[in-house]
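Next comes the structure, spelled out in structure tokens:
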């Protein structure tokens, strides 16, 4: 055998091994040919305001046709200058990158082509070995034969990670510059193109100097490769690239409402759909009313919790601990400016006869505690120097001046700081929920499920089933009006005993007083329990339950005499939805939460509308509305009168004040509120 033949045989054997062990066993390219990366779902209020985004990887797919040439060129210059001429890998590029990195003493340029990076990210594991590198190169060559350069670049720009939770060019543009990709300048494109090499090291939020140095490098590469001229290069260097800190493009309404939307999407499309399908979801939420509802519930909870009594200081510090805490707080940059409404821990520095002096960071104030209502269970009702107490500001964002360096080591760390108005506060233990339905549109315009969504996502508006108490009585009174009673019918309010389910039971009024002859209208206005139970007994439990079931409640209505006292457990949303029948001429509304869902192309893939059912007659609805207006004018709902608008509604409480309700409506809205403890056994 000649030497030439032997060489040919060896080469052939090598190619055979390469084919059988590598080329023939490469994974198929189907995933890349038909690839669509997971894309964030965007959620909008009824007016088009972006209110939330759902994602595992924050990404918005952007077709290459929507990426300007200047932006494409920035990435090609930074990552793969010969992208448009090589066949998947670039030996000269690998050598050039090695030389550049050696000169810089750091990794400033990658050796992999853009095609290799796509293959590595989507088809191969992150293992580092010569075998994996060989498979990467072979796959890159194959990919170049299957897809166009534009398609490969499109995959790259939509897949790569830009740091700070941003995947793909569109997410990065929105996060860092609050812009669309099409709006990016050359300088901004260069900054983004510099990130994929080391996203955390070049993060413009955490390492702005490194990010801008990397940007200058990318601009220089664009100039060297002829993608920009010297004039554009100088102009881009002079441009100040401003990072849009804290901007995400949406309103920031992270709420129980949007959590209900997420659960809705899971029910309709499956568990994973909200996070990777790139849906555009349009909800029934009124963004303004939702914000007002969130604020009202928060203020109301704080007020009720405070009226239930102050629970005392959170802890006590001894003198040495107190001095260290005061000094540490004063140095804390987060305490230089106090946010309105936020709860802060303050140190009691002095105790006077009827007031205490407190300090939080560089701020200080004297708080009057002479009229403080203490919780009954608190035995020690005195403050002491060194106590840690909760405080809030009364005015928005009071900024403290930056401290002089010479003052960073004060002689007296306990001395009073910058004066600011503070008031004593505590983390509420009470909870509340609110639901509001637009009568004309049938939309759920606002829903609040608790005090702080960030601490608990349990939605008390849609998930908590509680006894509505007297707030359920209008449904029983509607049954009475359609079974022989009128608002003027007289029933004797007197002691009475029943045998109900083999148990003896005597209903009682809240006041524990009996009032004798009482009209049906007055009984509802004053929420007389005895009269309500006697009506149920007169009509018959089964007839009343069958009547109420026509409202289409999700809950099962108990068949017993106490039905009129609201002993069946319902969610707030279910109860408020029932009240829409009184406000809407007898037609009950099951409100819409999501109105439509579009896929990334704009095609409507799901549409939903409010559901309507004729629960009672228009005449009965009108009579109940007149009676419920009397509740506000003359009865238990009198505290609503100051809003000076036509209002009908009903209050409700349960045994031992475990729950409190008010469901009311104007000609436009039906709104319900619940207040109580999550623990059913606790009384207010």
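Numbering (my numbering), first residue to last: 7 to 690.
Positions of the beta carbon are idealized from the N, C-alpha and C atoms, including for glycine.
Nothing here was measured: the structure is a model prediction, and the numbers come from that model.
Min CB distance residue 645 to chain B below 9 angstroms:
In the structure shown, chain B does not exist; there is a single protein chain.
Expected contact under 8 angstroms - CB spacing of residue 73 and residue 163 to nearest Å:
6 angstroms
Output yes or no for whether 9 angstroms exceeds the beta carbon distance between residue 532 and residue 502.
no
Less than 9 angstroms between the beta carbons of residue 526 and residue 537, yes or no?
yes
If you compare alpha carbons, which of 330, 347, 355 is closest to residue 429?
347
Which two residues bound the contiguous alpha helix (DSSP H) that contains residue 310?
293-313
Spatial neighbours of residue 693 within its chain, please: C-beta separation below 6 angstroms, excluding the five flanking residues on both sides.
Residue 693 lies beyond the residue range present for the chain, which begins at 7 and ends at 690; the question has no answer from this structure.
From the DSSP output, in three-state form, read off residue 590 for me.
coil
Can you list, in chain order, the residues of its chain whose CB lies under 6 angstroms from that of residue 690, leaving out five sequence neighbours each side?
663
State the DSSP-derived secondary structure class of residue 222, mapped to helix, strand or coil.
helix
Can you have a look at residue 670 and say buried or exposed, based on whether 16 or more other CB atoms are within 10 angstroms of its CB?
buried
Can you tell me whether residue 521 is helix, strand or coil according to DSSP?
coil
Could you pull the DSSP bridge partners for residue 371 from this structure?
364
Proximity of residue 611 and residue 604 at Cβ, strictly below 9 angstroms:
yes
For residue 357, the residue or residues it bridges with in DSSP
362
Report the partner residues of residue 679 according to the DSSP bridge assignment.
440, 668
Coarse secondary structure for residue 635, derived from DSSP in three states
helix
Run through DSSP, which three-state label would residue 170 get?
coil
How about residue 665 and residue 681: do their beta carbons lie closer than 9 angstroms?
yes
May I have the straight-line CA-CA distance separating residue 246 from residue 392, to the nearest angstrom?
49 angstroms
When you compare each of 635, 547, 212, 544 to residue 588 by their alpha carbons, which one comes out closest?
635
Helix, strand or coil: how does DSSP classify residue 508 here?
coil
Below 8 angstroms CB to CB, which residues in the same chain sit around residue 655 once its five sequence neighbours on both sides are set aside?
634, 637, 638, 643, 646, 668, 669, 670, 671
Under the three-state reduction of DSSP, which class applies to residue 60: helix, strand or coil?
strand
Cβ pair count under 8 angstroms reaching 3, the region 285-304 against the region 63-81:
no
Evaluate the contact criterion for the region 589-609 versus the region 541-551: three or more CB pairs, one atom per stretch, below 8 angstroms.
no
Do you know offhand how far residue 555's Cα is from residue 549's?
10 angstroms
DSSP on residue 244, reduced to helix/strand/coil?
helix
Smallest Cα separation from residue 286: which of 57, 475, 474?
57
Just curious, the alpha helix (DSSP H) that residue 336 is in, first and last residue?
325-337
Nearest-angstrom Cα separation, counted from residue 434 out to residue 453:
20 angstroms
Look at residue 481 and residue 584 and say whether their C-beta atoms are less than 9 angstroms apart.
yes
Under 9 angstroms between C-beta atoms of residue 226 and residue 239
yes
Buried or exposed by the 16-neighbour rule on C-beta atoms within 10 Å, applied to residue 90
exposed
Starting from residue 322, follow its DSSP beta bridges and name the residues at the other end.
393
For residue 205 and residue 262, which I take to be in contact (beta-carbon distance under 8 angstroms), what is that distance rounded to the nearest angstrom?
Incorrect: roughly 33 angstroms between the Cβ atoms, too far for contact.
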